[in-house]
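Residue 321 in our numbering sits at position 126 of the sequence shown, and the numbers go up by one each step.
C-beta: ideal position from N, C-alpha, C; glycine also.
Just so you know, these numbers come straight off a predicted model, no measurement behind them.
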Amino acid sequence: MINIVLFGKPGAGKGTQAEFLKEKYNLTHLSTGDIFRFNIKNDTDLGKLAKTYMDKGDLVPDEVTIQMLQSEVDKNPHSAGFLFDGFPRTLAQAAALDQFLESKGQTITATVALEADDNILVARLLERGKTSGRPDDQDEEKIRNRYDEYNQKTAPLMSYYKDQGKFYAVDGIGTIEEVTERLNRVFDQF
């Protein structure tokens with residue numbers, strides 16, 4: 196079983212690339228953003244709670260995120276592997292994910308980070324915000340707040356996974372095809 200964590204700042208292309216990767220490598224794509232939106236749309240208790248944080252551009256607390264993600268993993272018991280998109284975002288989430296997977300006889304195979312310049316990403320998100328309807332993609336201040344959160348809480352994951360020999364960085368700037376090719380070269384190692 197292959198379990199990959201795909202991470203990068205909002206707008207780095209995780210969702211776009213995950214679509215290609217899940218097909219090529221037969222992985223179940225678990226996007227925390229999609230899971231949050233599903234729960235919000237369906238007005239679940241966890242969705243209502245997550246929305247209060249997302250509307251401010253803040254990260255959803257670990258315990259809420261972990262509960263949603265565990266539920267999704269449990270819904271896919273016959274999966275060949277998982278592509279975690281947007282999770283973990285904190286060291287506590289990484290430890291919780293490791294513990295959860297271990298309870299199922301699994302582990303994280305690798306983490307792959309899509310790296311890109313903040314100013315390029317801000318422009319991408321503002322453009323995406325014109326059609327996505329997402330309030331957190333339409334306000335530069337909220338976008339930059341998300342990047343501050345990422346730098347403080349998510350960036351430390353690089354060391355966590357480097358210490359385990361499971362971290363790979365990929366340049367996220369270029370055409371979709373160029374970035375896909377870079378990711379394929381990394382994924383083909385697993």
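- In the pairwise beta carbon analysis, the region 231-243 is classified as not touching the region 347-361: fewer than three pairs are separated by under 8 Å.
- With a contact defined as Cβ atoms closer than 8 Å, Ile-197 and Leu-225 miss out at about 13 Å.
- Val-307 and Tyr-356 have their C-alpha atoms roughly 10 Å apart.
- Residue pairing by DSSP puts Phe-202 in a beta bridge opposite Ala-308.
- Assigned with DSSP and collapsed to three states, Leu-222 falls in coil, not helix or strand.
- In the DSSP assignment, Ala-364 is bridged to Ala-308.
- One alpha carbon belongs to Gly-206, the other to Pro-272, and they sit about 30 Å apart.
- Sequence-distant partners of Ile-235 (beyond 5 residues in either direction) whose C-beta falls short of 6 Å from its own C-beta, in its chain, are Gly-242 and Lys-246.
- With fewer than three CB-CB distances shorter than 8 Å, the region 361-376 does not count as touching the region 282-289.
- With a threshold of 16 other beta carbon atoms within 10 Å, Ile-315 falls short and is exposed.
- C-alpha of Arg-319 to C-alpha of Glu-335: approximately 11 Å in a straight line.
- Under the 10 Å beta carbon count, Thr-260 is surrounded by 16 or more other beta carbons and is classified as buried.
- Residue burial is scored here from C-beta neighbours: Phe-277 has at least 16 other C-beta atoms within 10 angstroms and is therefore classed as buried.
- When rounded, the separation of the alpha-carbon atoms in Leu-254 and Phe-295 is 21 Å.
- Of all C-beta pairs linking the region 319-332 to the region 378-385, fewer than three are shorter than 8 Å, placing the two stretches out of contact.
- For Asp-280, the enclosing beta strand (DSSP E) stretches over residues 276-280.
- One Cα belongs to Asp-358, the other to Ala-305, and the distance between them is close to 12 Å.
- Per the C-alpha coordinates, the member of Gln-347, Lys-361 and Arg-329 positioned closest to Lys-251 is Arg-329.
- Here Ile-230 carries a helix assignment [DSSP, helix/strand/coil].
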